[in-house]
Every structure is written in structure tokens, then in C-alpha cells.
Amino acid sequence: MYSHVAQQLEEVRRTIPEGVALVAVSKFHPVEALRIAYESGQRRFGESRVQELLAKIPQMPDDVEWHFIGHLQSNKVRSLIGKVSLIESVDTERLLELIDKESARAGVVSRVLLQLHVAQEETKFGFSVQEVIDYFANRRYETLQATHICGLMGMATNTDDEARITADFAAIKHCYDAIRNEAGTELRGFDILSMGMSDDRDIAIAQGSNMVRVGTAIFGAREY
Ligand SMILES: *Cc1c(COP(=O)(O)O)cnc(C)c1O
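Count along the sequence shown from 1, add 44, and you get the number used in the working numbering.
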């Protein structure tokens, strides 16, 4: 039933250059589909809901690298800490501090990306460019005890207008470069730029993305 997954995964892989990591976004898809991808060599999976992720983890092999990519509510932080390899969607400083507190409490170090909001949509979550620039310029990361900020994640406006999408990704890349130039040597391992999904990943890669999050093109349409 999920045999198309192996082939589609292979096709997606062919379009992704070396040095760009592929996160297979498996939200809303059953574990059977994830297993097909796993058997085809995929190890990095992205999920957007805590309950769904926690249910899938014990059903998949231990060497899966889970990424959390959805909006994370404060009351779910504690149950997520220590379970994932990367939280890509830290969208407020308050959430970042909470993740840090809970990670310290659990005795683990959490790796996170800060989610940037550049898209021209009110509904998307994330820091503004200015907020992120200020955060690093004021070295507020120095207070973190158990959190490693590994880079940025961002989405382009949901549109067919390629110029708009290109401009959004360029803005995210610009912010990423500015942070690396400013705090580069101190912020060791700030080197992930996660941008691009099924429909806009080629544009994202052309704009400097080194991590794409691809769901539909691998697993097919989601049934919500
Ligand atoms: C669902 C989702 C994706 C994958 O989207 P597709 O269009 O199915 O590839 C990527 N990133 C985030 C943050 C998502 O929520």
C-alpha cells in the first residue's frame, strides 16, 4: 500500500545536492509508510504534533533522528525534551527559555533552530528578522544552560509567485549569514539553515538552504 514511498523518496533524493540534509516529513502518515522510507535508508523524520510523535517513536528503530517541526505549546515541552534530535520550530524567546529550563531539569542538552517569520501571512509563527538579530547582537544566548541553537528554520509565503518565494528565502539566508558573521566563532555549530518544502525546495536550495523538509513529495497527500 505504501510502495510508492520508496520510489518517491528516491526521486526526491535525486533532486537534492550533496550537503543538503533531507528531513522526511511524516506527520499524519502511518508508521507503515515511515518504515518503507526507513528501509530505503531514510533516518531523519519530521513530525509536527507531540502526541503523534511520541506514539511513533517506540514503533520505529532507535537510530531514527526525529525532528520536531510544528508549533510547540508550553505545556508539551516537558514531554518532548530528550526525545528528539532537533526542535526546528522555536518561535518565541519564552519558548526557548522554557526548553532550556526543562532540558537542564532533565539533564539533557536540546538542539534547536529558531523559526523565522518572513512570509506575508499573519498565521505563521516565528521570530521577526529584527528580533533574531537583536537576540544575537545582545548575546542573550549566553544565559542558555542546556540548549544549543544550531541555526534557523523558515518558510516562504505560500504562493505561486516565485519572485516572492525567492525573496523570502533570501531574507532568511541574509539573517543567517548576519548572525554567523556577528557571533560566528562563539556560536559553534550554528550551521543549519532549514528551508524548503515539497513545492519550493529547489528555490530554497538555490538560496542557500542546507536542510529541506519534504512531506507530500515523499509520502503523498496528507489526510487531516
Ligand atoms: C508539513 C510541513 C512541511 C512539509 O510540507 P510538504 O509541503 O508536505 O512537503 C515542512 N515544514 C513544516 C514546518 C511543515 O509543517
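Every residue, glycine too, gets a C-beta built ideally from N, C-alpha and C. From a predicted model like this one, the values you see are computed outputs, not experimental measurements.
Cut-off 6 angstroms between Cβ atoms - residues of its own chain near residue i, not counting five sequence neighbours on either side
i, result
"Phe72", "Arg266"
"Gln251", "Phe213, Ala214, Lys217"
"Ala50", "Ile80, Ser84"
"Gly126", "Ala150, Val152"
"Ile223", "Phe180"
"Arg208", "Thr201"
"Asp135", "Gln159, Phe169, Gly170"
"His88", "Note that residue 88 is Arg in the sequence shown, not His. Here the set comprises Val67, Glu109."
"Thr260", "Ser242"
Supposed close pair residue i, residue j - CB separation, criterion 8 angstroms
i, j, result
"Leu130", "Leu196", "With a Cβ gap of about 12 angstroms, Leu130 and Leu196 do not count as contacting."
"Leu157", "Phe171", "That pair is no contact at about 11 angstroms."
"Thr191", "Asp144", "4 angstroms"
"Glu76", "Tyr46", "6 angstroms"
"Val108", "Val258", "Wrong, their Cβ atoms sit about 16 angstroms apart, outside the cutoff."
"Ser123", "Leu98", "6 angstroms"
"Val94", "His111", "The pair is not a contact, with the Cβ atoms about 13 angstroms apart (cut-off 8 angstroms)."
"Thr210", "Ile262", "So it is not a contact: roughly 24 angstroms between Cβ atoms."
"Tyr82", "Pro105", "7 angstroms"
Same chain, Cβ closer than 7 angstroms to residue i, neighbours up to 5 away in sequence not counted
i, result
"Ala215", "Val162, Val173"
"Cys219", "Leu160, Val173, Val176, Ile177, Leu196"
"Gln86", "Leu53, Ala68"
"Ala148", "Gln189, Ala190"
DSSP three-state assignment for residue i, whether helix, strand or coil
i, result
"Ser123", "helix"
"Ser118", "helix"
"Ala265", "coil"
"Glu76", "helix"
"Gln86", "coil"
"Gln251", "coil"
"Glu62", "coil"
"Val67", "strand"
"Val153", "coil"
"Val256", "strand"
Nonlocal neighbours in the same chain, by C-beta distance under 8 angstroms from residue i, ignoring five residues either side
i, result
"Val64", "Ile249, Ser253, Asn254, Met255, Val256"
"Glu54", "Ser84"
"Leu139", "Leu116, Ser118, Val121"
"Glu165", "Thr201, Asn202"
"Gly233", "His192, Cys194"
"Leu8", "This structure leaves residue 8 out entirely; the chain is present only between 45 and 268."
Continuous alpha helix (DSSP H) stretch holding residue i: start and end
i, result
"Arg149", "137-150"
"Val94", "94-100"
Start and end residues, beta strand (DSSP E) containing residue i
i, result
"Val134", "130-134"
Q.
Threshold first: 3 residues or longer. Then list the beta strand (DSSP E) segments lying entirely within the segment 161-245, N to C.
A. Taken in chain order, the complete beta strand (DSSP E) segments of 3 residues or longer contained in the segment 161-245 are 191-199, 236-239.
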